[in-house]
Amino acid sequence: MSDRKNLCVLVAEVIGGDHLITRLGKDEANHAVDRCLNRIDRAVGGNSGNVLERTQSSMTASFERCDSGVVAACEMLERVLSLPPVSGTQLKIRIGIHYGLADVGSGGDGVDGARRLAQTCRPGQALASSTAVMLLTPSARHFAGAEAFQSEAQSGLEWQVFTIGHRVGVVTSLPPNAKLSQRLRLRHQEEVMFVEEHRPIVLLGRELGNDVVIIDARASRQHARIERRRDGFVLIDQSSNGCHVSIDGDEERCIKGAELSLSGSGRIGCGFSSKEIERDLVFFDIV
223 MSDRKNLCVL VAEVIGGDHL ITRLGKDEAN HAVDRCLNRI DRAVGGNSGN
273 VLERTQSSMT ASFERCDSGV VAACEMLERV LSLPPVSGTQ LKIRIGIHYG
323 LADVGSGGDG VDGARRLAQT CRPGQALASS TAVMLLTPSA RHFAGAEAFQ
373 SEAQSGLEWQ VFTIGHRVGV VTSLPPNAKL SQRLRLRHQE EVMFVEEHRP
423 IVLLGRELGN DVVIIDARAS RQHARIERRR DGFVLIDQSS NGCHVSIDGD
473 EERCIKGAEL SLSGSGRIGC GFSSKEIERD LVFFDIV
């Protein structure tokens, strides 16, 4: 008996593999596509999703919450984009997200809707149905475009469509009482970077594709991210061991699968205490 229930369904397809076959041969092309699918798979697992189907160039996954599906889509786009070109070809993905019936055995309208959306995407684009977007909580709604998106490719769909991405719906304007120059400065080892209007998202983790690479076994591959929002700067943990944060000398706080507003100055331990000064800490301050 199949397991039928309403879920957030995500379909991700890798684009460009066929072009590589003619240049590199089937084995090398399949290896390049498989690297993309592995990145997609990690984003699914890191956001509590379940893989329903995996083919040679696509993956279908389900999530209990639409928030998780949308965040996973954003991570997939950035992770695949960070991969180096293969023989001059940059592989891309297209993603469709829909909420509806997901039948592990034979599809369902959630699966069918996500597939139809993915087929209308441009390479490197993620689209979600209004059915999925209306279920997003305020903390995830900024990952979707403020206005419904429609082109000729979506004209036959029965619901409105919204573009999904880290920078699509992010409001990068500062609070009315903030200084226009306000930025969050991050210091890690010998590197300094800023979370600001032109770079509203910074990724932290053990994987090399992150903006801040943490060399510690206790850090997750995709450990956390820092976002610049309308009301300030927010640390979002998505790890196994949590983020340990000390702000302005106050008692250390540990967040796991949650968000924390960053203010003043402080330090972040990705999977370990922020008191372990010799460790791979990330220091921050608002400038």
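First residue of the sequence shown? That's 223 in the numbering used here, and the numbers climb one at a time after it. Every residue gets a Cβ at the ideal spot worked out from N, C-alpha and C, and that includes glycine.
query, result
"Rounded separation between Asp331 and Gly322 - CA only", "6 angstroms"
"Identified DSSP bridge partners for Leu406", "Val417, Ile508"
"Cβ pair count under 8 angstroms reaching 3, the segment 342-349 against the segment 267-284", "no"
"Beta-carbon proximity list for Ile437, same chain, < 7 angstroms, skipping 5 on both sides", "Asp502"
"Met281, DSSP secondary structure in three states", "strand"
"As assigned by DSSP and simplified to three states, the class of Asn252", "helix"
"Environment of Glu277 [buried if 16+ CB atoms lie within 10 Å]", "The amino acid at residue 277 is misidentified as Glu; the sequence shows Thr. That one is exposed."
"Nearest to Arg363 (by Cα), restricted to the options Val293, Ser485, Leu482", "Val293"
"Closest by C-alpha distance to Glu473, when choosing among Glu419, Lys227, Ser496, Gly335", "Ser496"
"Reference Arg407; option with closest CA among Ser304, Leu232, Val266, Val509", "Val509"
"Candidates Glu481, Arg452, Phe455, of which the one nearest His466 by Cα", "Glu481"
"Separation of Glu297 from Ser352, as counted between CA atoms", "20 angstroms"
"Three-state secondary structure (DSSP) of Cys343", "coil"
"Collapsed DSSP secondary structure at Ala362 in the structure displayed", "helix"
"Ala348, DSSP secondary structure in three states", "strand"
"Nearest candidate by alpha-carbon position, reference Leu357, set Gly427, Ile319, Pro307, Arg443", "Ile319"
"Cβ distance (whole Å) where Val435 is taken to contact Arg443 below 8 angstroms", "That pair is no contact at about 10 angstroms."
"Beta-carbon separation (whole angstroms), Leu457 vs Ile469, contact threshold 8 angstroms", "No, Leu457 and Ile469 are not in contact; Cβ-Cβ is about 10 angstroms, not under 8 angstroms."
"Whole-angstrom C-beta distance between Ala265 and Arg220, which should lie under 8 angstroms", "With the chain covering 223 to 509 only, the question about residue 220 has no answer from this structure."
"DSSP-derived helix/strand/coil call for Glu300", "helix"
"Three-state class that DSSP yields for Ser290 in the structure shown", "helix"
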